[in-house]
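Numbering (this note's numbering), first residue to last: 435 to 685.
Notes follow the structure.
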Amino acid sequence: GVRIRSALVGYGFTRYEPDQLDNYVRESPLIYRFADADHYSFSMAALSRYLGVTEAALFERVKEKNSNMRDRTLINFCGKAGTFPTESYMRIFLGDINQELLEKFCKGKIVIVGATSPQLHDEFPTPFKVLSGPEIHASVINMIINTLYIHEPGVPANIILLLVSVLITTYLVTRFTPYISLMLMAVLYGVFLYAAVFVFQSGRIAVSIINPLWVGLFTYTGNIIYRAVTEGKDKKKYKNIFQRYVSKQVV
């Protein structure tokens, strides 16, 4: 192990932590702090060698450009499997590929050698379906080197968004019938979804689309229950009042 490590130019961890809700990989850890030392990811290690800087300097550069980043960052995936050009390592090893063309193709580029076959089980579910580990690393490297970071709204912006969802839902429920208010909510959510996609595509800002939906539905349900309870009480109240003056049949 010592002999192998001494021959390395650098090293980095390749671990990804899937989202606990749906087991999808959306983030890439860039640094782990363990035993009073900083350990950087494979993507950071490879890119730092390519740029000729230290991992620490590259990490500071990433933090400077990506204001929402902690020790990990959202991955701006380049696309589905096969987006990056790939070639069989075995064909290269056996000399089945013209070496002159291969050197010309790889010159000045970062070449990632890794498992892409499903049989090797180095695959992860992502928003772009299943991607291999090397393809995820390639997306992270491409994102950092081209500063294509995904930004997230801050806590105040998210709170304002949720409050707007509550106010609009309450207004619709109190002004219209339950069916019409629900239809209007669906239309407005469709507009909001379109706006969120537009903001993401134009400015790479990831606006939460699930939280406003859940808050809106909870607000709608709560208002409907409240209306049903209060209207039932009012109906019973007026019924008792009229029963004092007219017969039950008329009431």
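Backbone N, C-alpha and C define an ideal beta-carbon position, used for all residues, glycine too.
Self-check item: Same chain, Cβ closer than 7 Å to L606, neighbours up to 5 away in sequence not counted
Solution: S615, L618 and M619
Quiz prompt | Closest residue to H473 among F493, E451, V589 and P559 (Cα-Cα distance) | solution = F493
Quiz item: Under the three-state reduction of DSSP, which class applies to Y484: helix, strand or coil?
Solution: Y484 falls in the helix class under three-state DSSP.
Practice problem: Mark M478 as exposed unless 16 or more other C-beta atoms lie within 10 angstroms of its C-beta, in which case mark it buried. | Solution: buried
Quiz prompt | Boundaries (first-last residue) of the alpha helix (DSSP H) holding I509 | solution = Segment: none, I509 is in no alpha helix (DSSP H) and carries neither H nor E.
Quiz item: Where K424 and V633 are concerned, what is the direct C-alpha to C-alpha distance, given to the nearest angstrom?
Solution: Look at the range of the chain in this structure, 435 to 685, and you will see that residue 424 is not part of it.
Exercise. Note down, in chain order, each residue of its chain lying with its Cβ closer than 8 Å to the Cβ of M637, except the 5 sequence neighbours on either side.
Key: According to the sequence shown, residue 637 is Gly rather than Met. Result list for G637: H585, in chain order.
Practice problem: Could you check the C-alpha separation between A549 and D556 for me, to the nearest Å? | Solution: 6 Å
Practice problem: Less than 8 Å between the CB atoms is what I'm expecting for N510 and L582, so what's the real figure, rounded? | Solution: Between N510 and L582 a beta carbon distance of about 5 Å is seen, short of the 8 Å cut, so the two are scored as contacting.
Exercise. With a threshold of 16 other CB atoms inside 10 Å of the CB of V625, please say whether the residue is buried or exposed.
Key: exposed
Exercise. Give the C-beta separation of R449 and L508 to the nearest angstrom, bearing in mind that I take them to be a contact with Cβ-Cβ under 8 Å.
Key: Actually they do not touch by this definition, with Cβ atoms about 17 Å apart.
Quiz prompt | Collapsed DSSP secondary structure at F518 in the structure displayed | solution = coil
Quiz item: Going by beta carbon distance, what residues of the same chain come within less than 7 Å of E489, once the five residues before and after it are set aside?
Solution: Only Y474, M478, A479 and S482 meet the Cβ criterion.
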